[in-house]
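Working notes, structure below.
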Amino acid sequence: MRKQSGLTGTSNNSAPRPDGPSWHALPEQDALTRLQSGPTGLTAAEATERLRRVGPNILSRTGSDGPLLLLWRQINNPIGWLLIAAGALALALGKPTDAMVVFGAVGINAFIGFIQEYRAGKAIEALSAMIPEAATALREGQPVAVPAEDLVPGDIVTLQSGDKVPADLRLIRVKNFLAEEAALTGESLPVAKHTDPVAPDAPLGDRACMAYSGTLVVQGTATGVVVATANGTELGRINALLNQTGQLETPLTRQLATVSSGITVAVVVVVTVLIVFGIWIKDAPTGEALMVAVSLAVAAIPEGLPAVITICMAIGVRRMADRHAVVRHLPAVETLGSTSVICSDKTGTLTRNEMTVQVAWLEGREYRFSGVGYAPEGDIEHDGIRQADIPPSLADLLTGAVLCSDAALHPEGDGWAITGDPTEAALVVAGRKAGLDDHELRTRHGRLDVIPFESDTKFMATLNRLDGAHRILLKGAPEIVVERCALDEAQRRLIHAAMDTYARQGMRVIALAGKDAGRTEQISPADVAGGLAFAGLLCMIDPPRTEAMDAIRACHGAGITVKMITGDHPVTAEAIGRQLGLLQDGQNAVEGRRLDGLTDAQLQEVAQATNVYARVAPEHKIRLVEALQSRGYVVAMTGDGVNDAPALKRADIGVAMGITGTAVSKEAAKMVLMDDNFASIAAAVEEGRRVYDNLIRSLAFVLPTNLGLACTLSLSMFFFPTIRVDGVNELLTAMSPSQTLWINLVASVALSIPLAFEVLEPNAMRRAPRSPDEPVFSRFIVARLIIVAALMAAGGCGLFLWEYFRIAGPEPLTSARHALALAEAQTICVTGITFSQIFYLLNCRSLHDSLFSQGVFSNPSIFIGIGILLLLQACFIYLPQLQAVFGTAPLDGSSWLYAMLAGAAVLPAISLDKWFRRRRRG
Ligand code: ATP
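Quick note: the sequence shown uses full-length UniProt numbering, first residue 1, plus one each step.
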């Protein structure tokens, strides 16, 4: 029975029992026994059965703001309170219908904001879930890649540098293992782990024989048995979500928050002036003057704007995901639009990462391999003669290469697929072409120990049992391997010359060496520091991706500099850089180590001038990012390894690789490429520009309406005559509060949402990147705002006065005639302004270019939006229920016509403005 407790205590739905075993205090063998597991792991059937019992290894997502708090946040802002005050005032003045409409608007607004924020949060969360989390578990002794959510207690999991720990593990084997546990303990320095039990009361940070779910492996390898999954883990217990969904605030929304505060202050000032003017100068009843103030407050506030902005962003994020770029952090959508430098890895991002060995070089002889890709079919030739019998020295070289690799090859569909590192897979394929079976070799010459490949060290070493002896095999970058080999000067020169020849052809060159290790059972870096026997070179091609070449051209056209940063040899990097169009004649690659000696100022100079960097170590990346940023560039930087994480964090847009990237790099990145392809970064930049353009379009569309409404109401207070009705002074007000809300919430939103679907402007990827400091309200936008608002106000006021006096006739007026005339005049005023919005919308599709530049029907949703609005406007005018709420009256045909003509004035006016501006810009 005791054995069961380890399993049942980790149920997905319940926290671990307080009396559950202290795994960290148990010797590893006891932990395995309690979990009914062993060194070979579980059988597939047992794992499935346990999964059925304990549920998937997924944290339930709690811990974010509750719905009530989220709703409260929508109301608790200056604009929300201003509207509530306006509604309360309307109620106090005996206008319950207006008050209800204002309160209704506050409610609807809060609801829309709530839904949008909630959904945007969920959408980002869902996108994060698209980034797969895999783990390696031993099932019946075989390592298999499984989704992290399928892990169960008792599973044996292997970890290596760069992994995120997928569940709570009791470690049973470690090698140089360091974990970063900040997510749990707040301690950002990595902690060294071992397998010895610790005291039962040891705090979390001291339990060195445990690896906890959600923490990151920053060095070494380990094997552990799963002791807890899902909510049973320490991470689940503290309910912290490592997969943070990212904030929803962006530079633009922050600027808009400042603008809203400005609007609030301006509204309070203008309203005060209006009240004073109405009561003391125009001698109007206090209640009337206060109602105008309420109307103005409601009119000037862009109630629909938050909804429009969130919709634009959400559509952008979705479209980026469709183009294989998953945004983990919403502000990245906007930053992408202003990216001015993209620093990209070479292998797999700019190239296909389909390595094929083409040449083996040893003892001064060159062997050429035919065949492409991973199909293990091809011949080996020397001096143009097919080698039916593989020379023993070549067989030795390839045997070493296969044994010192982890990749595997397997048939898939009609072709061949690999698991593991493509560079190593190429070696396995080359071995097969020479008739060497990797399975058989690896079984026969068992591996005793390994020093895994790291980009920093650029080598990998294994200790194998070869022909009864223990032998160290070393493979890595040639200069690293050669310096550890016992060679004379002439031999060194010969090897360097050969390496240079192949690198110049754009090939990646790997060198191999070996030495006997006596009876040693383990190896350390010191064992491979020298005295090795050089075995030969293996040179492989990795052709550039054609779509990357196109994307680089598109980036150049868009004023974005592309820089290639690679761990490869400078000569290889230059050859590939030239094929990709990154290097012009006379330009060269700069080696990482050259950057080390530079001062900050010199580094900035070099960083700006150089487009290809070779033999770069991850720490160079962060210096490059900083140097470019201090020159004012907005930098996107790609990375996949553990050590790339700081540079990814520091970059404006850190981009991780979805397929080959480590969990650590994904965690640090703001965007993840699902296909590891450079073209997807370029696509995301394009989408970023589109989103930003659409946001600006929406602002340029929505805000003039608010200013126009505020001007209309101010003009009516300052210049409309006071009318005597049945002996009492009555103010003529162009619109009631509920009517201005109709325009703000119904007309503005119905028309601006289609703008979020606007296609990319034809020149969007032909203009220079936007400066990140560029204010949202450029002089041009402000000028446009004023022109449109003036036209709306002039049209609205003109229509109102014309209609009012047409219906009312000469004074003295009865209150019935006044009421009828006022209702019709207000209705035509609202309709005229709505028509201005419709015509202005057509002009907003491109802020600079003519109405027709976007293609009239390229965005059908614009016409759908207009159609819906006209239908709603007809309801607003003719439906008795809406007449009662909004105080509207039916209009005749001529009134519709005049309203339309007044609204249409905006079309030629803005077209003319655009034309002048285009001419001035030449
Ligand atoms: P990029 O930065 O363009 O993506 P990369 O990350 O592939 O390039 P590294 O993986 O750091 O570059 O490789 C640097 C060098 O290390 C290569 O030029 C090669 O000589 C060597 N190398 C690459 N992979 C292995 C491996 N699995 N084992 C041994 N040596 C390797």
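Cβ atoms here follow ideal geometry from the backbone N, Cα and C, with glycine treated the same way. It should be emphasised that the depicted structure is a prediction, and the values quoted were computed from it without experimental measurement.
Heavy atom of the ligand ATP within 8 Å of R508 beta-carbon: yes
Residue from R323, S338, V317 and T339 whose Cα sits closest to the Cα of L329: Looking at the sequence provided, one finds His at residue 329 rather than Leu. Among R323, S338, V317 and T339, the Cα nearest to that of H329 is on V317.
9 Å Cβ cutoff met for I79 and E303: yes
Nearest-angstrom Cα separation, counted from C829 out to A902: 10 Å
V616 Cβ short of 8 Å to the ligand ATP heavy atom set: yes
Any non-hydrogen atom of the ligand ATP closer than 8 Å to I108 Cβ: no
Bridge partners - S344, DSSP secondary structure assignment: M564
Distance between I753 and S858 (C-alpha atoms, nearest Å): 15 Å
Span of the alpha helix (DSSP H), counted from its first residue to its last, around C539: Unbroken run through C539 is the beta strand (DSSP E), A533 to I541; no alpha helix (DSSP H).
Local conformation of G63 per DSSP, three classes: Any reading at G63 needs caution, since the residue's pLDDT is 45, under 50, leaving its predicted position unreliable; the model's value is listed next. Coil.
Terminal residues of the beta strand (DSSP E) in which T462 lies: F459 to L466
Segment contact, 8 Å Cβ cut-off, at least three pairs: the stretch 291-310 with the stretch 100-111: yes
Whole-angstrom distance between Q579 and T546, CA atom to CA atom: 10 Å
Check: G476 C-beta below 8 Å from any heavy atom of the ligand ATP: yes
A469, buried or exposed, once every other Cβ within 10 Å from all chains shown has been counted against 16: exposed
L463 vs R447 beta-carbon contact at 9 Å: yes
For F777 and R919, the rounded distance between their alpha carbons: 22 Å
For N706, the first and last residue of its enclosing alpha helix (DSSP H): F678 to F719
9 Å Cβ cutoff met for R697 and L336: no
Contact under 9 Å by Cβ, G415 with G373: yes
Residue from I862, C312, T831 and V191 whose Cα sits closest to the Cα of L872: T831
Separation of T572 from residue 928, as counted between CA atoms: Shown here, the chain extends from 1 to 922; a query on residue 928 therefore has no answer.
Assigned exposure category for G867 - 16 Cβ within 10 Å defines buried: exposed
CA nearest to the CA of V157, picked from P147, L138 and D150: L138
Residues of its chain near S370, where Cβ-Cβ distance is below 6 Å and the 5 sequence neighbours each way are ignored: G378 and D379
Residue range of the beta strand (DSSP E) that includes H382: I380 to H382
Any chain D beta carbon closer than 9 Å to V101: Looking for chain D here will not work: only one protein chain is present.
Neighbourhood of V198 by C-beta distance below 8 Å, restricted to the same chain and skipping five residues each side: H24, A25, D206, R207, A208 and C209
Proximal residues to L159 (C-beta, below 6 Å), its chain only, five neighbours per side dropped: V217 and A222
Short Cβ contact (9 Å threshold) for G220 with K175: yes
Which residues DSSP lists as bridging P143, in chain order: L138
Cβ-based burial, I910 [other Cβ within 10 Å; buried from 16]: buried
G865 versus L841: straight-line alpha-carbon distance, rounded: 10 Å
6 Å CB neighbourhood of P646 in its chain, flanking five on each side removed: I622
N- and C-terminal bounds of the beta strand (DSSP E) containing K475: A469 to G476
Beta-ladder partner(s) of W416, from DSSP: P411
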